Every structure is written in C-alpha cells, then in structure tokens.
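For reference, the structure is listed below as structure tokens.
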Amino acid sequence: MKANRERTESAADMGVEPILLPHWHANQLRHSKATEIRRQFGLEAARVSLGHAKADVTQIYAERDARLAVEVARKIG
5 MKANRERTES AADMGVEPIL LPHWHANQLR HSKATEIRRQ FGLEAARVSL
55 GHAKADVTQI YAERDARLAV EVARKIG
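Spelled out as structure tokens, the structure:
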C-alpha cells in the first residue's frame with residue numbers, strides 16, 4: 005500500500021522503526037462476531053443474527069469451535 009510505504013520511508017528518514025499493522029478486511033469483523041455468537045449460542049442463533057436463510061451460508065462465516073469437541077471428549081470419553 006502506498007500509505008504504508010510512505011510511512012515506512014518517513015520513519016526510516018527519522019531513524020525510527022515503523023510499526024505496521026497487519027492487513028485486514030472489514031468483513032473479518034462479521035466473521036469474528038458470527039464465530040462468537042455460534043460459540044455462545046449455537047449455529048441457529050448465528051444464522052438468525054446474520055440474516056441468513058440457510059445455515060450452510062452461516063457456516064462460512066462462523067467457524068467451528070474446537071473447544072466444544074474437547075469438552076465433549078472430556079465428558080463422555
């Protein structure tokens with residue numbers, strides 16, 4: 005990105021080590037919130053919150069919770 009390059013060059017000119025943020029997209033906020041809702045309330049709650057007609061679309065946004073599998077394994081072996 006041009007802005008990052010300019011800031012990096014400017015920092016280097018001043019003898020300062022630049023701090024660059026990782027690249028991200030706004031839709032990552034939607035993915036994060038969907039994953040949080042799914043973790044706390046389940047897939048159906050995430051689906052409704054995101055306004056999806058079908059849960060298979062929601063599964064793209066809301067990642068599975070691996071901790072749930074660990075909890076099940078602890079409880080039932």
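Just so you know, we're using this note's numbering here: the sequence shown kicks off at 5 and counts up by one.
Yeah, the Cβ is synthetic: ideal placement off N, Cα and C, and Gly gets one too.
None of these values were measured; they are calculated from a predicted model.
Is residue i near residue j, with beta carbons less than 8 Å apart?
| i | j | result |
| --- | --- | --- |
| residue 66 | residue 77 | no |
| residue 47 | residue 59 | yes |
| residue 22 | residue 11 | yes |
Can you give me the C-alpha to C-alpha distance between residue i and residue j, rounded to a whole angstrom?
| i | j | result |
| --- | --- | --- |
| residue 64 | residue 25 | 25 Å |
| residue 43 | residue 62 | 13 Å |
| residue 81 | residue 75 | 9 Å |
Exposed or buried, residue i, counting other C-beta atoms within 10 Å across all chains shown (16 or more means buried)?
| i | result |
| --- | --- |
| residue 38 | buried |
| residue 68 | exposed |
Please go through the same chain and pick out, in chain order, the residues whose beta-carbon is closer than 7 Å to the beta-carbon of residue i, but skip the five residues on each side of it.
| i | result |
| --- | --- |
| residue 34 | 65 |
Looking only at its own chain, which residues have a Cβ that is under 6 Å from the Cβ of residue i, when we skip the five neighbours before and after it?
| i | result |
| --- | --- |
| residue 20 | none |
Residue i: which of the options sits nearest, CA to CA?
| i | options | result |
| --- | --- | --- |
| residue 40 | 30, 29, 75 and 53 | 53 |
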